[in-house]
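For the sequence shown, the working numbering assigns the number 352 to the initial residue and increments by one for each residue that follows. Ideal Cβ positions, reconstructed from N, Cα and C, are used throughout, including at glycine. To start, the structure itself, in structure tokens.
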Amino acid sequence: MTEYAMPPETVRTLITALQRYGVAACVGGGWAVDALVGKQTREHLDLDVWVDADDFEGLVAAFADQGVDRIYPWPGDRPWNFVLHDGHSRRVDLHLYETLSDGRLHYGSLKAPFMFTRDDLSGEGEIAGISVHCERPEFALQNHTGYEPREIDRHDVAVLCERFGLQPPENFR
């Protein structure tokens, strides 16, 4: 069985590869939390990234250069949200959105869209000595609602709430 891990140095390598291809990626998930606080607070099994669908070709080329070029079957995969991996230890959870003519960002299907703003992805943080764009604390917290929290989710929410003075979502109380 494959052991997946996403240490900070690997995050730096993947983000740098995306930048070389002109892809403006935004770090999400647990690494967004750690980027916002400027240090790794837990182990990570993957890297979540938000990317405009217009940058998809560059993303594929950047990750292919790094060997992250296989689809990892995952329950609930959708054309806008799926996982790539390298067959060994690196896994990337992609979140593709489209920018609408009014400036809002559209994620998901036409039947059940999730709308948000570019400002939601305007957080700034640091991972392994490089500056990264990441989810804003409030958006990261919002993304922890609507499901049964796991232990890592409880950890991430506690870090966000303590560091930024936010109230935990109802499902974390």
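Spatially closest choice to residue i from the options, by CA coordinates
i    : options                : result
Y355 : G409, H439, A463, Q518 : H439
V483 : R393, V510, Y458, D399 : D399
V434 : D471, F414, L451, V510 : F414
R487 : I366, D385, W425, Q370 : D385
Beta-carbon proximity list for residue i, same chain, < 8 Å, skipping 5 on both sides
i    : result
R455 : M466, F467, T468
S473 : H484, R487
Buried or exposed (CB count within 10 angstroms, at least 16 for buried), residue i
i    : result
C461 : Sequence inspection shows Leu at residue 461; the Cys mentioned does not correspond to that position. That one is exposed.
R429 : exposed
G389 : exposed
L387 : buried
Bridge-paired residues (DSSP) for residue i
i    : result
D403 : Y448
M466 : H457
E525 : Because the chain here runs from 352 to 524, residue 525 falls outside it and cannot be looked at.
Neighbourhood of residue i by C-beta distance below 6 Å, restricted to the same chain and skipping five residues each side
i    : result
N494 : none
Q370 : none
Distance, residue j Cα to residue i Cα
i    : j    : result
V411 : G418 : 10 Å
E360 : E394 : 13 Å
L492 : L447 : 19 Å
Beta-carbon proximity list for residue i, same chain, < 7 Å, skipping 5 on both sides
i    : result
A404 : L447, Y448, E449
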